[in-house]
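**Q**
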Amino acid sequence: MAGNWKMNLNHQEAVVLVQKLAWTLSDKKHDYGQVEVVVAPPYVDLRSVQTLVDGDRLRIGYSAQDVSAHESGAYTGEVSAAMLAKLGCDYVVVGHSERREMHGEDDAVVNTKALRTLAAGMTPIVCVGEGLEVRKAGRHVEHTLDQVDGSLAGIDPEQVASLVIAYEPVWAIGTGEVATPDDAQEVCAAIRGRVRDTVGADAAESVRLLYGGSVKSSNVVGIMDQPDVDGALVGGASLDPAEFAAICRYYA
Ligand code: PEP
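Each residue of the sequence shown is one higher than the last, beginning at 887 in the numbering used here.
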């Protein structure tokens, strides 16, 4: 279960959110043992999250929300994969629809970012998913599989097995409009099938597929019931520690 905070919270609020989440997750009444919990704060909070996680041995992983496509050099304002690895990030979100839409990132850029993330020893959370027009035209599976092909090009089979791919229909992000569990399953099954066809059965079995788009504690169970959905990428609802913890114990 990964919580994408986007560009929200001040630094103190970010620290408090991690502390509250950790406190809730340590509640012995609930066994969160089977769920890997990850937060994706803004870059400026990562050092403090690292200190909290390392200092208190919290069972919370953390992710950056993006990474530079470049290794190092004259790229003002960018943050490299090596820098994020140094901060102890486990994951990096690449190709979020907000990056694709507002910053013109195409599959080639997403692919470069995924490769840089892997080379630095972290796991990319590769986001794919269609907009409303594509969905209305019934081309959502084809469109999403094209993004998968483009974003994963040249990644070694063993590395594909360790990836996280998040299917996030753009029309369901931050809109309150959640795809039905069947919609999520249809595309996640197609993604797993594509990994099976292009990389192999082992990679298809191990790759983790998340659904993202207005996930809340009230709709997570139906989504997680789907055989090809392994987790969720949660935006708005991850800013509330009690709500995000409730999403993380969807199985209880
Ligand atoms: C997201 O930003 O990846 C996301 C899924 O947002 P929300 O849960 O708010 O729709």
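Don't be surprised by glycine CBs; every beta carbon is placed ideally from N, CA and C.
Values in this document were obtained by computation on a predicted structure and should not be read as measured data.
Would you be able to state if there are at least three C-beta pairs under 8 Å between the segment 1064-1077 and the segment 990-1005?
**A** These segments do not touch.
**Q** Buried or exposed for K999, please, with buried defined as at least 16 other CB atoms from any protein chain shown within 10 angstroms of its CB.
**A** Taking the sequence shown and counting its residues from 1, the one referred to as residue 999 is at position 113. Counting Cβ neighbours within 10 Å, K999 comes out buried, since at least 16 surround it.
**Q** Given a threshold of 16 other Cβ atoms within 10 Å of its Cβ, counted over all protein chains shown, does D1042 qualify as buried or as exposed?
**A** The residue labelled residue 1042 in the question sits at position 156 within the sequence shown. With fewer than 16 other Cβ atoms within 10 Å, it is exposed.
**Q** Distance check for A1047 and G1024, CA to CA, integer angstroms please.
**A** Your numbering for residue 1024 matches position 138 in the sequence shown. Your numbering for residue 1047 matches position 161 in the sequence shown. The alpha-carbon atoms of G1024 and A1047 are separated by roughly 29 Å.
**Q** Would you mind working out which of S1103, L1049, E922 and G974 sits nearest R1094, comparing C-alpha positions?
**A** As a working mapping, residue 1094 is identified with position 208 in the sequence shown. Of the listed residues, the one whose Cα sits closest to R1094 is L1049.
**Q** Alpha carbon to alpha carbon, how far is V904 from R986? Give it in angstroms, no decimals.
**A** Against the sequence shown, residue 986 aligns to sequence position 100. Against the sequence shown, residue 904 aligns to sequence position 18. Near 28 Å, if we compare the C-alpha coordinates of V904 and R986.
**Q** Does DSSP put V1064 in a helix, a strand or coil?
**A** Here residue 1064 corresponds to residue number 178 of the sequence shown, with the count starting at 1. Coil at V1064, not helix or strand.
**Q** Using DSSP's beta-bridge definition, name the partner residues of A926.
**A** Locating residue 926 in the sequence shown gives position 40, where the first residue counts as 1. BP columns for A926 point to N890.
**Q** Is it buried or exposed for Q1071, if we count other Cβ within 10 angstroms and need 16 for buried?
**A** Indexing the sequence shown from 1 puts residue 1071 at position 185. Buried, since its Cβ has 16 or more Cβ neighbours within 10 Å.
**Q** Can you tell me where the alpha helix (DSSP H) holding V1139 begins and where it ends?
**A** Past the boundaries of the shown model lies residue 1139; the chain is included only from 887 to 1138, so the question cannot be answered.
**Q** Rounded to a whole number of angstroms, what is the C-alpha to C-alpha distance between P1010 and R1002?
**A** Along the sequence shown, read from residue 1 onward, the residue named residue 1010 stands at position 124. Along the sequence shown, read from residue 1 onward, the residue named residue 1002 stands at position 116. Answer to the nearest angstrom: the Cα atoms are 9 Å apart.
**Q** On the criterion of 16 or more Cβ atoms from any shown chain inside 10 Å, does M1110 qualify as buried, or is it exposed?
**A** The residue you call residue 1110 lines up with position 224 of the sequence shown. Buried is the call here.
**Q** Exposed or buried, what is Y1137 when buried is set at 16 or more other beta-carbons lying within 10 Å of its beta-carbon?
**A** For this step, residue 1137 is matched to residue 251 along the sequence shown. Classification of Y1137: exposed, given that the 10 Å Cβ count is below 16.
**Q** Identify the residues that DSSP records as bridge partners of L1119: which are they?
**A** Start at 1 with the first residue of the sequence shown, and residue 1119 comes out as number 233. Per DSSP, A888 and G1098.
**Q** Residues in its own chain within less than 8 Å of V1027 by CB, not counting five upstream and five downstream?
**A** The sequence position of residue 1027 within the sequence shown is 141, counting from 1. So the qualifying residues of the chain are E1072, V1073 and A1076.
**Q** Which two residues bound the contiguous beta strand (DSSP E) that contains S949?
**A** The residue given as residue 949 occupies position 63 in the sequence shown. Element bounds for S949: G947 to A950.
**Q** If the criterion is Cβ atoms closer than 8 Å, does the pair G947 and V924 meet it?
**A** The residue you call residue 947 lines up with position 61 of the sequence shown. The residue you call residue 924 lines up with position 38 of the sequence shown. Closer than 8 Å, so yes.
**Q** Can you check whether the CB of A1058 is closer than 8 Å to the CB of S1100?
**A** Residue mapping note: residue 1100 aligns to position 214 of the sequence shown, counting from 1. Residue mapping note: residue 1058 aligns to position 172 of the sequence shown, counting from 1. Cβ atoms of S1100 and A1058: closer than 8 Å.
**Q** On the CB-based measure, 16 or more other CB atoms within 10 Å of its CB, does P1127 come out buried or exposed?
**A** Along the sequence shown, one-based indexing puts residue 1127 at 241. Buried: at least 16 other Cβ atoms inside 10 Å.
**Q** On a Cα-Cα basis, can you pick out the residue from L895, A971 and G981 that is closest to M1008?
**A** Working through the sequence shown from its first residue, we reach residue 1008 at position 122. Here the closest residue by C-alpha is A971.
**Q** Rounded to whole angstroms, what is the Cα-Cα separation between R933 and L1018?
**A** Indexing the sequence shown from 1 puts residue 933 at position 47. Indexing the sequence shown from 1 puts residue 1018 at position 132. Rounded to whole angstroms, R933 to L1018 spans 37 Å at the Cα level.
**Q** In the DSSP assignment, the alpha helix (DSSP H) including C1134 goes from what residue to what residue?
**A** Counting from one through the sequence shown, the residue named residue 1134 turns up at place 248. Per DSSP, C1134 belongs to the alpha helix (DSSP H) from P1127 to C1134.
**Q** Do A950 and ligand 1 come close, with the Cβ less than 7 Å from some heavy atom?
**A** Numbered from 1 along the sequence shown, position 64 holds the residue referred to as residue 950. A950 Cβ: outside cutoff for every heavy atom of ligand 1.
**Q** Return the Cβ separation of V1120 and F1130 in integer angstroms, given the expectation that the two are a contact with Cβ distance under 8 Å.
**A** The residue given as residue 1120 occupies position 234 in the sequence shown. The residue given as residue 1130 occupies position 244 in the sequence shown. Yes, they are in contact, since the Cβ atoms of V1120 and F1130 sit about 6 Å apart, within 8 Å.
**Q** Tell me whether A898 is buried or exposed, calling it buried when 16 or more other Cβ atoms sit within 10 Å of its Cβ.
**A** On the sequence shown, position 12 is the one that residue 898 refers to. A quick correction: the sequence has Gln, not Ala, at residue 898. Classification for Q898: exposed.
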